[in-house]
Amino acid sequence: MSGHANSLRAILLALGANFAIFIAKSFAALLTGSGAMLAEAVHSLADCGNQGLLLLGIRQAKRPPSDEFPLGWGRALYFWSFLVAILLFSVGGMFSLYEGIHKLSHPEPLRWPWLALGVLIFGIVVEGISMHGCMREVNKARGAQSLWTWFRETRSSELLVIFGEDLAALLGLGLATLAVGATMLTGNLLFDALGTIGIGVLLLVVAVLVAIEVKALLIGQGMEPRRRAELLGFLQTRPEVAEILNLISLQMGPDVMVAVKARMVPVAGDRELIDAINVVEAAMKAQYPDIRWSFFEPDITD
């Protein structure tokens, strides 16, 4: 079974990196007049907003259950993650597209291009540190899974968004570096405009991919398939259980709700049956600490 990732650590690391990069990019964009650099500055500022909303989501997800919200606020994380994907990623992407198209029709010569390259290289180094920290947490969570399988199946929306941000940031910095470098070598401002448009397309693609995954969580996904299979296997090995008839799970942010229908091993009476069910539930929650709510129904058929 995979380990548990520290999403908060990855978010804080990304926030610090993006704010430092935003300051450096903004300064360079003003001096150089580079559209690609300005697009990257807006991208980094949007990423800072992303992390702020994710921190708000983590805080809200910790609210206790109530009569109005009996299963707690865990899924608030999905709302804020979806908002990040739709609004901030898309706003950054649309701005970059607009800036690139504007540069095509109204090209402006680059000023201080070496400064732009220096800032971009600084950004790649800082963003690489953030990506390294993010990947360390992703690797804890995905175990032996491929990165693409983890991306499609993870239930950690905040880590998914941070991964998408860091990946888009590194690729965007690479595109901006190529655009500025090509403009310096050739003197053709078309490369700067095309680099800006490329950054916009990149952001929009990441926004769509992340939004698709978080939308599924908003609708109501169960546990990750591999963890559900592990839980099912665990329950089937319990001596109190004769057969698992049905297992339903629902991911609630960091917590999980599980409903089990099982045919129990025959016992002497109702008291013994209740005790057997309590033993199974206690063992299940000890093995899977993220299971916060469990509903166990004994039956003879599904």
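No gaps in the numbering here: position 295 of the sequence shown is 290 in my numbering, and each next residue is one more.
Even for Gly, the Cβ is constructed at its ideal location relative to N, Cα and C.
Item checked: Separation of Arg147 from Glu208, as counted between CA atoms -> The residue given as residue 208 occupies position 213 in the sequence shown. The residue given as residue 147 occupies position 152 in the sequence shown. So the two alpha carbons sit approximately 7 angstroms from each other.
Next item on the list: Would you kindly work out how many angstroms separate the C-alpha atoms of Ile295 and Arg233, rounded to a whole number?
Entry: Here the question's residue 295 lines up with position 300 in the sequence shown. Here the question's residue 233 lines up with position 238 in the sequence shown. When rounded, the distance between both Cα atoms is 17 angstroms.
Checklist line | Asn273 - DSSP class collapsed to helix/strand/coil | finding: For the purposes of this step, residue 273 is identified with residue 278 of the sequence shown, where counting begins at 1. Helix, per DSSP.
Margin query: Quick check: what's the CA-CA separation for Asp270 versus Lys280?
Written below: Here residue 270 corresponds to residue number 275 of the sequence shown, with the count starting at 1. Here residue 280 corresponds to residue number 285 of the sequence shown, with the count starting at 1. Computed Cα separation, rounded: 15 angstroms.
Next item on the list: With distances taken Cα to Cα, identify the nearest neighbour of Gly190 among Phe291, Ile239 and Leu92.
Entry: Numbered from 1 along the sequence shown, position 195 holds the residue referred to as residue 190. The residue with the shortest Cα to Cα distance from Gly190 is Leu92.
Note to self: Mapping the DSSP letters down to three states, classify Glu219 as helix, strand or coil.
What the structure shows: For the purposes of this step, residue 219 is taken as residue 224 along the sequence shown, with counting starting at 1. Note: Glu219 maps to coil in three-state DSSP.
Check: Under the rule that 16 or more other beta-carbon atoms within 10 Å means buried, what is Met(-4), buried or exposed?
Finding: The sequence position of residue -4 within the sequence shown is 1, counting from 1. In this predicted model, Met(-4) has a pLDDT of only 44, less than 50, meaning its place in the structure is not dependable; the value taken from the coordinates is given anyway. Classification of Met(-4): exposed, given that the 10 Å Cβ count is below 16.
Item checked: Contacts around Leu48, its chain only, beta-carbon distance under 7 angstroms, and the 5 residues preceding and following it disregarded -> The residue given as residue 48 occupies position 53 in the sequence shown. So the qualifying residues of the chain are Trp75, Leu78 and Val79.
Notebook entry, point to check: Closest by CA to Ser39, which one among Leu185, Gly195, Thr149 and Arg258?
Noted result: Locating residue 39 in the sequence shown gives position 44, counting from the first residue. Of the candidates Leu185, Gly195, Thr149 and Arg258, the one whose C-alpha sits nearest the C-alpha of Ser39 is Gly195.
Checklist line | the stretch 158 to 175 touching the stretch 125 to 132, judged by at least three CB pairs closer than 8 angstroms | finding: yes
Checklist line | Alpha carbon of Phe14 to alpha carbon of Ile119, nearest angstrom | finding: Taking the first residue of the sequence shown as position 1, residue 14 is located at position 19. Taking the first residue of the sequence shown as position 1, residue 119 is located at position 124. Spanning the two alpha carbons is a distance of roughly 14 angstroms.
Item checked: Cβ contact (3+ pairs, closer than 8 angstroms) linking the stretch 19 to 28 and the stretch 107 to 115 -> yes
Next item on the list: Output the boundary residues of the alpha helix (DSSP H) element that contains Val120.
Entry: Position 125 of the sequence shown, counting from 1, holds the residue named residue 120. It spans Pro108 to Arg137 - the alpha helix (DSSP H) in which Val120 sits, taken as one unbroken run.
Notebook entry, point to check: Does Gly195 come within less than 9 angstroms of chain B when only Cβ atoms are used?
Noted result: No chain B is part of this structure, which consists of one protein chain only.
Margin query: Residues in the same chain with beta-carbon distance under 7 angstroms from Ala23, minus the five sequence neighbours each way, listed in chain order, please.
Written below: Taking the sequence shown and counting its residues from 1, the one referred to as residue 23 is at position 28. Correct list, in chain order: Met32, Leu110, Ala111 and Val114.
Margin query: From the DSSP secondary-structure annotation, give me the bridge partner or partners of Glu63.
Written below: For the purposes of this step, residue 63 is taken as the residue at position 68 of the sequence shown. Beta-bridge pairing links Glu63 to no other residue.
Next item on the list: Give me the Cβ distance between Ala257 and Ile243, rounded to the nearest whole Å; I'm assuming they're in contact under 8 angstroms.
Entry: The residue you call residue 257 lines up with position 262 of the sequence shown. The residue you call residue 243 lines up with position 248 of the sequence shown. That pair is no contact at about 12 angstroms.
Note to self: Are the CB atoms of Pro102 and Asp187 within a distance shorter than 9 angstroms?
What the structure shows: In the sequence shown, counting from the first residue as 1, residue 187 sits at position 192. In the sequence shown, counting from the first residue as 1, residue 102 sits at position 107. Against a cut-off of 9 angstroms, the Cβ pair of Pro102 and Asp187 comes out as a contact.
Item checked: Best match in Phe90, Ile124 and Met252 for proximity to Leu7 [C-alpha to C-alpha] -> The residue labelled residue 7 in the question sits at position 12 within the sequence shown. For the residues Phe90, Ile124 and Met252, the minimum Cα distance to Leu7 belongs to Ile124.
Margin query: By DSSP's criteria, Trp75 is part of a beta bridge. Which residues make up the other side?
Written below: The residue given as residue 75 occupies position 80 in the sequence shown. DSSP output for Trp75 lists no bridge partner at all.
Checklist line | Among Glu35, Leu212 and Ala171, nearest to Ala71 - alpha-carbon criterion | finding: In the sequence shown, counting from the first residue as 1, residue 71 sits at position 76. Nearest option by C-alpha distance: Leu212.
Next item on the list: Report all residues from its chain with a CB closer than 7 angstroms to the CB of Asp297; omit the five preceding and five following residues, and keep chain order.
Entry: For the purposes of this step, residue 297 is taken as the residue at position 302 of the sequence shown. Excluding residues within five positions, the ones whose Cβ falls inside 7 angstroms are Leu240, Asn241 and Lys256.
Next item on the list: Compute the Euclidean distance between the alpha carbons of Arg266 and Gln282, then round it to the nearest angstrom.
Entry: In the sequence shown, counting from the first residue as 1, residue 266 sits at position 271. In the sequence shown, counting from the first residue as 1, residue 282 sits at position 287. If you take the alpha carbons of Arg266 and Gln282, they lie about 25 angstroms apart.
Next item on the list: From the DSSP output, read off the bridge partner residues of Leu245.
Entry: The residue you call residue 245 lines up with position 250 of the sequence shown. For Leu245, which the question treats as bridged, DSSP gives the partners Met252.
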